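Data block below; observations after.
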Amino acid sequence: MKQATYFFFGCSLFIFTAFTIQNSINWKISKGYQVKFSGTDAEGIFKKLSGDIQFDEKNIDSAHCNLTIDVNSINTGNGMKNKHALSDNWFAAEKHPTIEFSSKLFSKSENGYTVTGVLKIHGIEKEITIPFNFNNSTFTSNFSVNRMDYKIGTMKGMMKKVSNEIKIEISIPVSNT
């Protein structure tokens with residue numbers, strides 16, 4: 215009789231939990247995304263962003279994202295600055311053609327959400343926590359990155375005119391896949 219009770223209890227538990235397990239929603243990055251950067255004597259956009267985003271506000275524990283920016287898509291509005299940005303003195307785009315972010319943990323915050331993960335720029339990986347909001351099927355974020363942490367440029371010559379803290383503004387509209 216005990217075995218039948220355990221069996222019934224186990225089956226009941228499985229049936230109830232099967233209906234409550236949720237996966238995150240898979241989102242497809244839509245056209246119209248923006249990746250802007252700004253600082254003293256450095257501003258522009260990256261035109262190419264790709265990746266996968268899994269996120270559900272009701273099931274944040276299963277959220278995950280991997281994003282990739284094509285460094286060669288940089289546009290500062292000045293052809294000479296673009297060329298310098300891609301050179302070995304700055305991004306070294308030939309050796310490091312992408313900027314990558316891979317999430318580890320999503321959390322609810324007072325003003326929206328945060329995502330902690332590894333940001334890889336110029337071949338250097340650092341853990342970073344990024345605040346973001348999700349409204350009307352659009353992820354938005356404003357945060358700063360210290361370019362010297364990733365050995366982007368130096369503090370010599372004309373490069374020292376560029377601020378160390380670079381402000382990043384991201385807007386990623388998405389649709390259900």
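Counting from 1, position 84 in the sequence shown corresponds to residue 298 in our numbering; the numbering is continuous, with no gaps. For glycine and all other residues, C-beta sits at the position ideal for the given N, C-alpha and C. Fair warning: this is a prediction, and the values are worked out from it, not measured in the lab.
| Asked | Found |
| --- | --- |
| Contained alpha helix (DSSP H) runs [length at least 4] in the region 256-305, N- to C-terminal order | 293-300 |
| Neighbourhood of I338 by C-beta, 8 Å cutoff - its chain only, sequence neighbours within 5 removed | D363, Y364 and K365 |
| Limits of the unbroken beta strand (DSSP E) element including T352 | T352 to N360 |
| Selection from T290, R361, I386 and T330 that minimises the alpha carbon distance to K374 | R361 |
| First through last residue of the beta strand (DSSP E) which encompasses V332 | G326 to I335 |
| Three-state secondary structure assigned by DSSP to K309 | coil |
| Pair within 9 Å by beta-carbon distance, G291 and G253 | no |
| C-alpha distance - E308 paired with S301, whole-angstrom precision | 8 Å |
| Residue interval of the beta strand (DSSP E) (run including S252) | Q248 to G253 |
| For K395, three-class secondary structure by DSSP | This structure gives no information on residue 395, because the portion of the chain shown stretches from 215 to 391. |
| Endpoints, beta strand (DSSP E) assigned at I366 | Note, I366: premise wrong, no beta strand (DSSP E); not H, not E. |
| N325: CB within 8 Å of a non-hydrogen atom of the ligand GTP | Within the structure as shown, the ligand GTP is missing, as the structure has no ligands at all. |
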